[in-house]
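Trainee: Could you have a look at this structure, given as structure tokens, before my questions?
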Amino acid sequence: MSPDFPFTMEYKDETIAAIATPVGIGGIGIIKISGRLAEGILQKIFRPRRPIKSLDNLRLYLGHIIDPDSGLPIDEVLVSIMRGPLSYTREDVVEVNSHSGYAILSRILQIILLSGARLAKPGEFTLRAFMNGRIDLTQAEAVVDLINAKSEASLCLAARQLLGGFLDRIEEIREKLLNIIVEIEACIDFPDDQPIRMDRRHIAHRIHTSILEPIKELVSAFSQRKIWQEGMVMVLAGRVNVGKSSIFNRMLQNERALVTPIPGTTRDIIECGISIKGIPVRLMDTAGLRKARGTVEKKGLGLTKACLDSADIILLVIDRSKDLTNYDTETLRTLKKQRLIVVINKIDLPQKVSEKKIAETFKNIPKVFISAVTGEGFNNLINTIHEHIVNPASAMPSAPIIPNLRHSIALRQTGDYLEKAAMNVIDGLPLEIVAADLMLAKNSIDEITGKKISEEVIEGVFTRFCIGK
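Per this note's numbering, residue 1 is the first one in the sequence shown, and the count goes up by one each step.
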């Protein structure tokens, strides 16, 4: 079904082209063309190695891209044509596989544009797949989620959505809602017909159990499980020279942060992406907490405090080989305990802080004993971080989940309309009012898949894409 927003003939008549691979030195670069002129453009600029009468569908051909003005070859390429509707966009699509290099790709694209195509906008190939009914809006969003996946888990979730798992769940809810709307509309149109008189309490019960409960489950799943796609921010904090940078480097298995025995070596924020048991994590190493000396240190400490405020998890690093200081206890007092893991570092050195003192000071807070130098305790640290992030309700889901905030907002709105409709049914309000609320709920569901959607939302979805996809 076509979405309810303008799709002009001028747009349909335009043929688009773009470089589909990262522009740079490599083995192969790909340029895509989509639209009714795609095959004609290819015939103008492609000279096959062996003479052929016509290009077969879904087949690769070896030859050269030719400059139409000079007749000189630009590059040896492999080309293919995928005639609509058996293509990504359901239009005629041509792919040119050339050698990869900025000059080569740019020159071939320039020749294609001069031959009748225009440069594609970000996400326009996937937009055309959506407009032409090949995919729905949730699947289009899954494409960009697939491209931007930060871990194997987020890749799995995006692939699931692309295959239509989330769409199937939404369509099942929508079908049950439509059945109730049809029954209520029948009662409105034929009020005196005894066989179709309805039990209001039964209708309200069906709204709650078959529609509202699945919607609430999806909304809850989003709030609990979004970490699998969006990831977490984890900040290393503590006073100077407790080993934060050494922990940072060991987690990365690469020396990114400068490690020296000189206190205060780290003055800026150093960050890097890692994966902890499939969960994408942005790990940040911060300046050691101490009394600032000079403008540079004041700025560094200001950045540290800003990072701590926005962190999902804070690793408060303590040096066991030295006595606890006021900076340790003051830092502990200012941090939110539910986001905190205390990392007792330097267990390879003689102990200065007793087990009793540690237990009393960091009561009811997860504690892990490690050595950043030897690696002892690091497996336990990783497990503790994972357990802190993932509770049983947010474990890697086997069912489709809500992949982004847009869907969650639409489902919450749907739930509000359904709650109102169920209440109005029980309170005995006219069925016309109940039907109106249920239709508003259906429209909110249709916004998710793109059956009813505004141009602003379409623009917001597809501008997240890169050019060429």
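Built from N, CA and C at the ideal position, the CB exists for glycine as well.
For valine 94 versus valine 79, is the C-beta distance shorter than 8 angstroms?
Mentor: yes
Trainee: Buried or exposed, going by whether 16 or more other CB atoms sit within 10 Å of the CB of isoleucine 262?
Mentor: Low confidence applies to isoleucine 262: its pLDDT is 38, below 50, so where it sits in the model is not reliable, and the reading given next is rough at best. By the beta-carbon neighbour count (other beta carbons within 10 angstroms, threshold 16), isoleucine 262 is exposed.
Trainee: For the beta strand (DSSP E) holding methionine 284, just list the boundary residues, first then last.
Mentor: 279 to 285
Trainee: Taking the Cβ atom as the reference point for each residue, do lysine 469 and threonine 126 lie within a distance shorter than 8 angstroms?
Mentor: yes
Trainee: Mind checking glycine 273: buried by the 16 CB within 10 Å criterion, or exposed?
Mentor: exposed
Trainee: Could you check where the beta strand (DSSP E) with lysine 367 kicks off and where it finishes?
Mentor: Looking at the DSSP string, the run of the beta strand (DSSP E) that includes lysine 367 is 367 to 369.
Trainee: Within its chain, find whatever has a CB closer than 7 angstroms to the CB of phenylalanine 465; leave out the 5 residues flanking it on each side and keep chain order.
Mentor: Shown here for phenylalanine 465: same chain residues with a beta carbon closer than 7 angstroms to its own, the five before and five after excluded, namely Pro122, Gly123, Thr126, Val144 in chain order.
Trainee: Straight-line CA distance for serine 472 to isoleucine 389?
Mentor: Given a span of 1 to 469 for the chain in the structure shown, any question on residue 472 remains unanswerable.
Trainee: Take the Cβ of glutamate 172 as the centre, count every other Cβ of all protein chains shown within 10 Å, and call the residue buried at 16 or more, exposed below.
Mentor: Around the beta carbon of glutamate 172, a 10 Å sphere encloses fewer than 16 other beta carbons of the protein chains shown; the residue is thus reported as exposed.
Trainee: How far does the beta strand (DSSP E) with tyrosine 61 in it extend, from its first residue to its last?
Mentor: Following the DSSP letters along the chain, one finds tyrosine 61 inside the beta strand (DSSP E) bounded by residues 60 to 66.
Trainee: Three or more beta-carbon pairs under 8 angstroms between the stretch 94 to 105 and the stretch 14 to 25, yes or no?
Mentor: yes
Trainee: Out of Gly415, Ile81, Pro430, Pro85, which one is the CA nearest neighbour of valine 470?
Mentor: Outside the displayed span of the chain (1 to 469) sits residue 470, for which this structure offers no information.
Trainee: Taking contact to mean 3 or more Cβ pairs, one atom from each stretch, closer than 8 angstroms, check whether the stretch 183 to 193 and the stretch 152 to 169 are in contact.
Mentor: no
Trainee: Near glutamate 152, what residues of its chain come up, given a Cβ to Cβ distance below 8 angstroms and the 5 sequence neighbours on each side ignored?
Mentor: Ser275, Gly278
Trainee: How big is the Cα-Cα spacing for glycine 450 and aspartate 136?
Mentor: 6 angstroms
Trainee: Is DSSP giving arginine 47 helix, strand or coil here?
Mentor: Under the three-state reduction of DSSP, arginine 47 is assigned to strand.
Trainee: Please list the segments of the alpha helix (DSSP H) lying wholly inside the stretch 103 to 173, counting only runs of 4 or more residues, in order along the chain.
Mentor: Within the stretch 103 to 173, complete alpha helix (DSSP H) segments of at least 4 residues are found at 124 to 131, 137 to 147, 152 to 162, given in chain order.
Trainee: Does DSSP classify serine 321 as helix, strand or coil?
Mentor: coil
Trainee: How do the stretch 162 to 179 and the stretch 441 to 458 stand: do at least 3 beta-carbon pairs fall below 8 angstroms, yes or no?
Mentor: Under the Cβ criterion (8 angstroms, minimum of three pairs), the stretch 162 to 179 counts as touching the stretch 441 to 458.
Trainee: What are the start and end residues of the alpha helix (DSSP H) that includes glycine 460?
Mentor: 455 to 462
Trainee: Determine whether the beta carbon atoms of isoleucine 104 and aspartate 67 lie at a separation below 8 angstroms.
Mentor: no
Trainee: Following the continuous beta strand (DSSP E) through aspartate 75, name the residue where it begins and the one where it ends.
Mentor: 73 to 82
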